[in-house]
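Peer 1: Before anything else, here's the structure in question.
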Amino acid sequence: MIDRRLITNIDWVLVGLVATVCLLGILNIYSATAPYKIIGTAYYIKQIYWMLVGMIISLLVCSLDYHILEDLSYWSYALLLFLLLAVLVVGRRSMGATRWLNLGFFTIQPSEFMKLVIIVTFARFFNNFQSVNGLTVKEVLIPLSLLALPAALIMKQPDLGTATLVILIALSMIIYVGLRWSTIVTFVCITIPMAWIAWAFLLRPYQINRILDFLNPERSRLGSGYHIIQSKIAVGSGGFIGKGYIKGTQSQLRFLPEQHTDFAFSVFAEEWGFIGCLLLIVLYLSLVLWGLNIARRCNDRFGGLLAVGVTAMLFWHIVINMGMVIGLFPVVGVPLPFFSYGGTSMITSMVGIGLLQNISMRRFMF
Amino acid sequence: MKERRFVRELLESKQRILTLSFVVSIVFLFLIIRLWHLQILNADDYHTMSENNRLRFVPVAASRGTILDRTGKILVSNRPSFSLAVIPQEVTDKEALLRLLSVLLGLDRAEMAERWEKGKGRAKYYPIVLASNISRDHVEIVEENRLRLPGIEIEMKPVREYTGGQLAAHLLGYIGEVSEKELNVKGFENYNSGDYVGKNGIERALENELHGVDGGRQFEVDARGRVLRTISESYPTVGSSVMLTIDAAVQKQAERAFGDQAGAAVAMDVTNGEILTFVSNPGFDPALFSGRLPADVWKGYLDDKRHPLENKALSGQYPPGSTFKMITALAGLQNNIISESTSINCNGSYELGTSTFKCWNKKGHGTTNLRKSLRESCDVYYYQLGEKLGVDKIAAAAHAFKLGSPLGVELLNERSGLIPTAEWKQKRFGKRWYHGETLPVAIGQGAVLLTPIQLASMIATVANEGTIYRPHLVKRIVDADGKTLRETQTEIIGTAPFAKESFRLVKQGLLDVVNAPGGTGAMARLYDVKVAGKTGTSQVVKLRDSKNGTPYQFRDHALFVAFAPFEKPEIAVAVVVEHGEHGGSAAASIANKILRAYFDGKKPPRIEAVSPPEKNVEDEDTNENVVPAVEKEPRISGDPVND
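This is the structure we're talking about:
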């Protein structure tokens, strides 16, 4: 099944970038969880396991020709919608939201996989859809409906972060395919009143609070604004060269919320300073640009769409997470790919990397 | 055709990828700029914030210094007191906690909630005091229910114990929680709400010395404020002890002598200004103010028309009445208007223009010279003298005695009294001084006001023939290690420039007041020590219907000033009995007891104290018929006519 030619075509840049970020991430998780009382396996060890599991899955993903996804796409979409519904009905409650589904031997978070499924679904859809001079309003209605269903279900959980990401990934792909100006204008005119309605009726109070806190962190020093302030203090106090590994006071004294997951970058920024941050950002930028490069080099439309979708997924995760940590965006539960602790995020991202690798390796096969 | 379109689209999408790459780079650039802003431009600010973040400081209150009398007897010390505090960040259900506390301890829930609200906005993990001064039983209940009361702490603080009960309450003052207002005052920067500070008296005036240096523990805490480790610990430094010039034994006798009467007494060492007795009666219980003052007690204090909370010795201002005649006499002698032999004839009243100024003795004193005028307190003598002197010369003599301004005793809010002048009247009322107004001033009525401290200083200055010492209450301040930090030095704040001969003449008259037949102050006489003094009665209202029917608050004040021994004066004493009617009886007998206690304390214990001589003058100088130049309000101790 694995062609020898494929091995020679392995995209080592991609592997190198991802491996470097993963290792930095593990190093950082070790520091971030140092002040924790750990029962059982340490977080950084578990993260290593997740990374290895992710790499194996990634390998599996790239071993299969990505073209079979074209056939699987709508089926997986349907399955995911079913799972999302199931979560709402029988899901496990955790931290005020129902996101997890217990499959007996392990729990999964279907919304997380929706990010990937929406990429595949949209790639399939646009691959068969030829538009002239960009999509018209009518032409985007079908993909928007495909997006709206899962997005609404995820928001219902409620999981604003994931829903936002699914929407952003889908919109990125639509923009990549191209819109007519008339379509853009029409949607702007519709979106603004819709946003008002969402604000007034759909968003949960905590979600509104988070947005308000973001706009004015002083609003509640101890509420959700606390996270933003503490994170900014951590990042800012890192200065140019940082406080040193495992020497960040904000993290070691646990002033940061969820510092091994969503605020892992905060810990890193405090301990490694601007220099460290610059390195990490350059790595991520390289990863994103390389993903786009894979899309550019790919000579079939489906592959190009897939690569853009996966890259968009990585891009939005990186930007939203970092933006949140440095106080540019509201606090939404978005992990930093390969860097934050967490199996789900690691596997989703690794599957994405597997897809990119898959596309990259097979670019000469047509 | 289809092929070409495909190729075109592919090319287009490749073009779009380049555009996207550009946009992505711009977005990442924004992240870098933002990081630059946080980590380079504002790094120092954030660094400071992060430093403050992890360190919590929990103050440990210093034990206040003790207050002693001149003999070393403890007047104020400390005992432990417990208060109930909460660390809000550790509480999940505030309402449930408050409910439980009110059930367990019977404390007022609303009050606790209010204190809680007020305590917010302080550093995280800083305990907020919900109830101070709780009993040991309450402490035990809290300890037993510790698990049900997360976030609740018992704090131990030393509290004030007033060994003498109400003894010298006004002088000692009391302490209380620092108020919001005080926190904003300069000098209170180092105080936190909940800290105790002196509110009054010596406790307030010597707050800096008594307070000590609060210690504290610096903890490193996590974001939840859980203590990780103690970084540093500084032990509090016990406040310095203050030794007062007061003699507790004399003070006690003086307060006892007042009984239920309202008033003030100040006894002073003639040779250095040390205040030996400082009475403001009735007193109050200072210990009550340090804890939760029961509402009914508070109301009782407020409703008492004798004004127990007022420090009458320090801020009570009274017309000095006839005690002021010594000033007028000295002014007359200095200005050569009178001499020892100058005599006038008193027939009971004096006519000036259309007004009649009456002597307290309607029958008149007959031929009266200076000595007799003092002994029998003849008003007519001083009307005539005052008329010749004019108000400004009287005022000049009073000012020479440093009257009319605060004398600089250590306590806060010392009043200045009032010595009227023509200029003062012009300024205050915009009217010129009428000659007739000088006559009441000459006998210490009219607008003249003096505080008991000023009265004591006045008689002390007469006693030592012109040297004015700064009256003071603090003998020395000793730190916790026993090292003397400050020893109050005797300070001469002025000299009354009158001839020694004049002083001697006046003093001779004052001796007669107490010791000669016909003297108005016989009640002050001691069998073994020669006492010299002067009675005074100061009018509260202009006219009265009949003596028996006068309501309490309109009755005259009784005054008596004295010094002893006559030959070599040691102690000067001034007594004011509010609404005591007659200086000779009410005030002089208190002065007698103070002097008695003083001289008894000086000598080896004697077998028996002889009772004071019988009073031989029925009724002294009540200047009831004087027409005051300025009408006074019934409450003399209130605000004077002062500009």
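Protein chains in written order, with this note's numbering: chain U, 1 to 366; chain G, 367 to 1009. Even for Gly, the Cβ is constructed at its ideal location relative to N, Cα and C.
Do you know how far the Cα of Ile859 (chain G) is from the Cα of Phe965 (chain G)?
Peer 2: Along the second sequence, one-based indexing puts residue 965 (chain G) at 599. Along the second sequence, one-based indexing puts residue 859 (chain G) at 493. Distance between the alpha carbons of Phe965 (chain G) and Ile859 (chain G) is about 27 angstroms.
Peer 1: Which residues, in chain order, does the region 374-392 of chain G contribute to contact with chain U at a C-beta distance below 9 angstroms?
Peer 2: Glu375, Leu376, Glu378, Ser379, Lys380, Arg382, Ile383, Leu384, Leu386, Ser387, Val390, Ser391
Peer 1: Taking only the alpha-carbon atoms, compute the straight-line gap between Val983 (chain G) and Asp922 (chain G) and give it to the nearest angstrom.
Peer 2: Stepping through the second sequence from its first residue, residue 983 (chain G) is reached at position 617. Stepping through the second sequence from its first residue, residue 922 (chain G) is reached at position 556. Low per-residue confidence applies at Val983 (chain G): pLDDT is 43, beneath 50, and the placement is therefore not dependable, though the value from the model is reported in the following sentence. For Val983 (chain G) and Asp922 (chain G), the gap between their C-alpha atoms comes out near 18 angstroms.
Peer 1: Among U:Ser172, U:Ser360, U:Trp12, which residue has its Cα nearest to the Cα of Arg297 (chain U)?
Peer 2: Stepping through the first sequence from its first residue, residue 297 (chain U) is reached at position 297. Among U:Ser172, U:Ser360, U:Trp12, the Cα nearest to that of Arg297 (chain U) is on U:Ser360.
Peer 1: Can you tell me where the beta strand (DSSP E) holding Ser443 (chain G) begins and where it ends?
Peer 2: As a working note, residue 443 (chain G) is residue 77 in the second sequence. Run containing Ser443 (chain G): 440-452, per the beta strand (DSSP E) assignment.
Peer 1: Put Tyr36 (chain U) into one of helix, strand or coil per three-state DSSP.
Peer 2: Here residue 36 (chain U) refers to the residue found at position 36 when the first sequence is read from its first residue. Three-state DSSP puts Tyr36 (chain U) in coil, outside helix and strand.
Peer 1: Could you tell me which chain G residues have their CB closer than 8 angstroms to the CB of Lys232 (chain U), listed as they occur along the chain?
Peer 2: The residue you call residue 232 (chain U) lines up with position 232 of the first sequence. The contacting residues are Leu404, Tyr412.
Peer 1: Out of curiosity, what's the CA-to-CA distance linking Asp878 (chain G) and Glu947 (chain G)?
Peer 2: Residue numbering aside, residue 878 (chain G) sits at position 512 when the second sequence is read from its first letter. Residue numbering aside, residue 947 (chain G) sits at position 581 when the second sequence is read from its first letter. So the alpha carbons of these two residues sit roughly 22 angstroms apart.
Peer 1: Please report the residue range of the beta strand (DSSP E) in which Leu718 (chain G) lies.
Peer 2: Against the second sequence, residue 718 (chain G) aligns to sequence position 352. It spans 715-718 - the beta strand (DSSP E) in which Leu718 (chain G) sits, taken as one unbroken run.
Peer 1: In whole angstroms, give me the CA-to-CA distance for Gly885 (chain G) and Arg741 (chain G).
Peer 2: Here residue 885 (chain G) refers to the residue found at position 519 when the second sequence is read from its first residue. Here residue 741 (chain G) refers to the residue found at position 375 when the second sequence is read from its first residue. For Gly885 (chain G) and Arg741 (chain G), the distance between alpha carbons rounds to 5 angstroms.
Peer 1: With 9 angstroms as the threshold, decide whether the Cβ of Phe240 (chain U) is near any Cβ in chain G.
Peer 2: Counting from one through the first sequence, the residue named residue 240 (chain U) turns up at place 240. Judged by the 9 angstroms Cβ criterion, Phe240 (chain U) is in contact with chain G.
Peer 1: Compare the beta carbon distance of Arg475 (chain G) and Ile494 (chain G) with 9 angstroms and say whether it is the shorter of the two.
Peer 2: Counting from one through the second sequence, the residue named residue 475 (chain G) turns up at place 109. Counting from one through the second sequence, the residue named residue 494 (chain G) turns up at place 128. Cβ distance not < 9 angstroms, so Arg475 (chain G) and Ile494 (chain G) don't count as in contact.
Peer 1: Comparing the C-beta of Leu397 (chain G) with each C-beta of chain U, is any distance below 9 angstroms?
Peer 2: As a first step, residue 397 (chain G) must be located in the second sequence, where it is residue number 31. Taking CB atoms only, Leu397 (chain G) has a neighbour in chain U less than 9 angstroms away.
Peer 1: At the level of alpha carbons, what is the spacing between Lys484 (chain G) and Glu546 (chain G)?
Peer 2: Here residue 484 (chain G) is taken as the residue at index 118 of the second sequence, counted from 1. Here residue 546 (chain G) is taken as the residue at index 180 of the second sequence, counted from 1. Looking at the two C-alpha atoms, the distance is approximately 10 angstroms.
Peer 1: Using CA coordinates, which residue listed in G:Asn735, G:Leu736, G:Gly714, G:Ser743 is at the minimum distance from Lys729 (chain G)?
Peer 2: Here residue 729 (chain G) refers to the residue found at position 363 when the second sequence is read from its first residue. Taking only the C-alpha atoms, the option nearest Lys729 (chain G) is G:Gly714.
Peer 1: Using 9 angstroms as the limit for Cβ to Cβ distance, is Arg583 (chain G) near chain U?
Peer 2: The count along the second sequence starts at 1 and reaches residue 583 (chain G) at position 217. Arg583 (chain G) does not count as touching chain U.
Peer 1: If you compare alpha carbons, which of G:Ile406, G:Leu395, G:Ala428, G:Gly530 is closest to Ala846 (chain G)?
Peer 2: Against the second sequence, residue 846 (chain G) aligns to sequence position 480. If we check each option's Cα against that of Ala846 (chain G), G:Ala428 comes out closest.
Peer 1: When you compare the region 714-723 of chain G with the region 754-769 of chain G, are there three or more beta-carbon pairs, one atom per stretch, that lie closer than 8 angstroms?
Peer 2: Under the 8 angstroms Cβ criterion, the region 714-723 of chain G does not count as touching the region 754-769 of chain G, having fewer than three qualifying pairs.
Peer 1: Given that a residue counts as buried once 16 or more other Cβ atoms are within 10 Å of its Cβ, and exposed if not, what is Ser58 (chain U)?
Peer 2: Your numbering for residue 58 (chain U) matches position 58 in the first sequence. Result: buried.
Peer 1: Measuring CB to CB, does Val334 (chain U) end up less than 9 angstroms from Thr183 (chain U)?
Peer 2: For the purposes of this step, residue 334 (chain U) is taken as the residue at position 334 of the first sequence. For the purposes of this step, residue 183 (chain U) is taken as the residue at position 183 of the first sequence. Against a cut-off of 9 angstroms, the Cβ pair of Thr183 (chain U) and Val334 (chain U) comes out as no contact.
Peer 1: Would the region 377-384 of chain G count as touching the region 80-91 of chain U if we require 3 or more Cβ pairs under 8 angstroms?
Peer 2: no
Peer 1: What did DSSP end up calling Thr643 (chain G) once you bin it into helix, strand or coil?
Peer 2: Along the second sequence, read from residue 1 onward, the residue named residue 643 (chain G) stands at position 277. The answer is strand: DSSP assigns Thr643 (chain G) an E or B state.
Peer 1: Can you find the residues in the same chain that come closer than 8 angstroms, C-beta to C-beta, to Val467 (chain G), ignoring five residues on each side of it along the sequence?
Peer 2: Locating residue 467 (chain G) in the second sequence gives position 101, where the first residue counts as 1. The sequence given here has Leu at residue 467 (chain G), not Val. Same-chain partners within the cutoff: Leu450, Leu473, Arg475, Met478, Leu496, Leu515, Ile518.
Peer 1: Which residues in the same chain as Arg972 (chain G) place their Cβ atom closer than 6 angstroms to its Cβ, once the five residues preceding and following it in sequence are excluded?
Peer 2: Stepping through the second sequence from its first residue, residue 972 (chain G) is reached at position 606. At Arg972 (chain G) the pLDDT is 48, less than 50, meaning the model places this residue with poor confidence and gives no usable figure here.
Peer 1: Between Tyr77 (chain U) and Ile118 (chain U), what straight-line distance do the alpha-carbon atoms span, to the nearest angstrom?
Peer 2: Here residue 77 (chain U) refers to the residue found at position 77 when the first sequence is read from its first residue. Here residue 118 (chain U) refers to the residue found at position 118 when the first sequence is read from its first residue. In a straight line, the C-alpha of Tyr77 (chain U) is about 7 angstroms away from that of Ile118 (chain U).
Peer 1: Are the beta-carbon atoms of Pro786 (chain G) and Met634 (chain G) separated by less than 9 angstroms?
Peer 2: Position 420 of the second sequence holds residue 786 (chain G). Position 268 of the second sequence holds residue 634 (chain G). Their beta carbons are not under 9 angstroms apart, which means Pro786 (chain G) does not touch Met634 (chain G) by this criterion.
Peer 1: With a threshold of 16 other CB atoms inside 10 Å of the CB of Gln405 (chain G), please say whether the residue is buried or exposed.
Peer 2: Your numbering for residue 405 (chain G) matches position 39 in the second sequence. With 16 or more Cβ atoms within 10 Å of its Cβ, Gln405 (chain G) is classed as buried.
Peer 1: From the beta carbon of Ala123 (chain U), is the nearest beta carbon of chain G less than 9 angstroms away?
Peer 2: Within the first sequence, numbered from 1, the residue matching residue 123 (chain U) stands at position 123. False, the Cβ-Cβ gap to chain G never drops below 9 angstroms.
Peer 1: My output table needs one value for Lys547 (chain G): the three-state DSSP class, helix, strand or coil.
Peer 2: As a position in the second sequence, residue 547 (chain G) is number 181, starting the count at 1. Lys547 (chain G) falls in the helix class under three-state DSSP.
Peer 1: Is Phe624 (chain G) near the ligand MG, with its Cβ less than 8 angstroms from a heavy atom?
Peer 2: As for the ligand MG, it is missing from this structure, which has no ligand bound.
Peer 1: Under the three-state reduction of DSSP, which class applies to Tyr562 (chain G): helix, strand or coil?
Peer 2: For this step, residue 562 (chain G) is matched to residue 196 along the second sequence. Tyr562 (chain G): strand per DSSP, three-state reduction.
Peer 1: In chain U, what lies closer than 8 angstroms to Asn408 (chain G) by C-beta?
Peer 2: Within the second sequence, numbered from 1, the residue matching residue 408 (chain G) stands at position 42. Result: Gly236.
Peer 1: Tell me the DSSP secondary structure of Asp340 (chain G) in three-state form.
Peer 2: The displayed coordinates of chain G run from 367 to 1009. Any statement about residue 340 (chain G) would go beyond what the structure contains.
Peer 1: So if I threshold CB-CB distances at 8 angstroms, which residues from the region 295-321 of chain U count as touching chain G?
Peer 2: Ala295, Arg296, Asn299, Arg301, Gly304, Val308, Phe315, Val319
Peer 1: Tell me the DSSP secondary structure of Cys298 (chain U) in three-state form.
Peer 2: Here residue 298 (chain U) is taken as the residue at index 298 of the first sequence, counted from 1. Cys298 (chain U) falls in the coil class under three-state DSSP.
Peer 1: Comparing alpha-carbon positions, which option in U:Phe240, U:Arg124, U:Met51, U:Pro337 lies nearest Ile303 (chain U)?
Peer 2: Looking up residue 303 (chain U) in the first sequence gives position 303. Looking at the sequence provided, one finds Gly at residue 303 (chain U) rather than Ile. If we check each option's Cα against that of Gly303 (chain U), U:Arg124 comes out closest.
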